[in-house]
Amino acid sequence: MQYDPIKRVLGEAFNKTPFLRKLFYNLLDLLLLRTWHIHKELRAWAKGKRQQPMRILDAGSGFGQYSYYLSGMSKQWRVLAVDVKEEQIEDCTNFFRKIDRHNVQFQIADLVRFQTPEPVDLVLSVDVMEHILEDVEVFKNFYASMNPGGMVLISTPSDQGGSDVHGDEESSFIEEHVRDGYNIQEIQDKLKSAGFSRTEAHYSYGTPGKISWRLSMKYPILMLGTSKLFFVLLPFYYLITYPFCLLLNYLDTHGKHATGTGLIVKAWK
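So that you can map any letter, position 6 of the sequence shown is 56 in our numbering, and since no number is skipped, the others follow by simple counting.
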């Protein structure tokens with residue numbers, strides 16, 4: 051199904067005031083398991099760095115929730131957030147201006163061709179690489195944009211059922227994906243071919259995460275794709291399901307998984 055129209059509707063619904071936008075970010079933080087994993091990795095990276103001037107690239111910033119989180123972790127950090135969609139960049143620029151969050155700059159950019167004007171210490175790429183065919187070119191641009199010792203942090207679907215694909219005869223749940231998921235060794239090899247000296251990767255969305263994703267994301271999105279009237283029912287739906295999702299997200303984030311439908315990948319220059 052097409053995911054972008056649903057994201058657009060959600061953005062419009064929560065963009066009427068800064069309070070609603072912040073509420074939207076908080077809801078995403080609670081609901082999205084990938085956010086639990088990313089926040090955990092970012093907190094680990096941030097140890098000993100919060101009082102240091104750091105430059106960060108949010109590569110594929112979308113709604114801007116990760117730029118909001120990062121810019122709130124330290125006023126010493128400068129975040130450059132880029133996205134290929136002009137409407138997202140304009141929307142985020144207006145919101146961050148309204149809340150006086152001045153350590154973030156938004157810019158339209160195609161990651162296949164973009165390198166930062168100044169070297170960065172961290173590149174964050176969340177649910178982006180599955181949308182880009184020329185992935186090695188993007189990895190090379192990440193590498194060229196980074197300071198020595200810098201890290202790239204990537205969240206993306208795996209080939210173990212990522213995008214809710216479990217066989218050759220199935221297609222991606224999200225039609226905008228150009229690949230159903232990465233093999234865990236494949237993405238590390240591609241990063242090394244782009245120049246990165248060291249990589250680490252582990253599975254996310256193990257058994258607890260797969261159940262949580264269906265309850266918290268897949269079924270609500272399918273309902274919203276059927277009719278906007280389901281917006282009225284969503285609060286009641288989550289009132290019932292979210293306590294289970296909360297426990298499942300905790301188990302997935304703090305457990306080790308032999309396989310999973312998501313990947314958390316890190317690489318260092």
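Note that CB positions come from ideal geometry on N, CA and C, so glycine has one too.
Pairwise C-alpha distance: residue j and residue i
i: Leu77; j: Trp263; result: 14 Å
i: Phe286; j: Lys278; result: 15 Å
i: His307; j: Lys260; result: 12 Å
i: Tyr288; j: Val154; result: 32 Å
i: Glu219; j: Ile290; result: Caution applies to Glu219, whose pLDDT of 48 falls short of 50 and renders its modelled position unreliable; the value that the coordinates give is listed next. Rounded to whole angstroms, Glu219 to Ile290 spans 34 Å at the Cα level.
i: Pro293; j: Ile88; result: 21 Å
i: Ile204; j: Leu92; result: 11 Å
i: Leu357; j: Thr257; result: In this structure the chain extends from 51 to 319, so residue 357 is not present and cannot be described.
i: Lys242; j: Lys319; result: 10 Å
i: Leu272; j: Met123; result: 34 Å
i: Gly275; j: Leu283; result: 14 Å
i: Gln126; j: His152; result: 11 Å
i: Met51; j: Gly112; result: In this prediction, Met51 has a pLDDT of 44, which is less than 50 and means its spatial position is unreliable; what the coordinates show is noted afterwards. Computed Cα separation, rounded: 19 Å.
i: Tyr118; j: Gly110; result: 13 Å
i: Leu82; j: Tyr255; result: 11 Å
i: Lys240; j: Asn191; result: 13 Å
i: Asp67; j: Gly245; result: In the sequence on display, residue 67 carries Thr and not Asp. Near 43 Å, if we compare the C-alpha coordinates of Gly245 and Thr67.
i: Leu313; j: Arg147; result: 33 Å
i: Leu301; j: Thr309; result: 14 Å
i: Phe156; j: Ile139; result: 6 Å
i: Thr311; j: Thr303; result: 13 Å
i: Phe164; j: Gln210; result: 30 Å
Given residue i as reference, the closest of the options once Cα atoms are compared
i: Glu180; options: Asn191, Pro207 and Leu203; result: Pro207
i: Asn197; options: Pro169, Phe246 and Gln157; result: Pro169
i: Phe69; options: Trp127, Arg100, Phe145 and Thr303; result: Phe145
Bridge partner(s) assigned by DSSP for residue i
i: Asp133; result: Ile158
i: Val173; result: Leu107 and Val202
i: Arg208; result: The residue asked about is misnamed: residue 208 is Ser in this sequence, not Arg. Ser208 is bridged to Tyr232.
i: Met196; result: Val170
i: Arg151; result: Note: Arg151 sits in no beta bridge, so no partner.
i: Arg128; result: Arg105
Where the beta strand (DSSP E) containing residue i begins and where it ends
i: Glu250; result: Arg248 to Ser254
i: Lys316; result: Gly312 to Trp318
Contact belief for residue i with residue j at Cβ below 8 Å, rounded distance in angstroms
i: Ala131; j: Cys142; result: 7 Å
i: Arg84; j: Asp177; result: 7 Å
i: Leu174; j: Met104; result: Going by Cβ atoms, the distance from Leu174 to Met104 rounds to 12 Å, so no, they are not a contact pair.
i: Val162; j: Glu187; result: 5 Å
Element boundaries [alpha helix (DSSP H), containing residue i]
i: Asn299; result: Phe280 to His304
i: Gly259; result: Thr257 to Trp263
i: Thr244; result: Residue 244 is actually Ala in this sequence, not Thr. Careful: Ala244 lies outside any alpha helix (DSSP H) and carries neither H nor E.
i: Asn65; result: Counting along the chain, Asn65 falls outside any alpha helix (DSSP H), and DSSP gives it neither H nor E.
i: Ile271; result: Tyr269 to Thr276
i: Glu91; result: Leu83 to Ala96
i: Met123; result: Gln115 to Met123
Heavy atom of the ligand ATP within 6 Å of residue i beta-carbon
i: Lys319; result: In the structure on display, the ligand ATP does not appear, and there are no ligands present to speak of.
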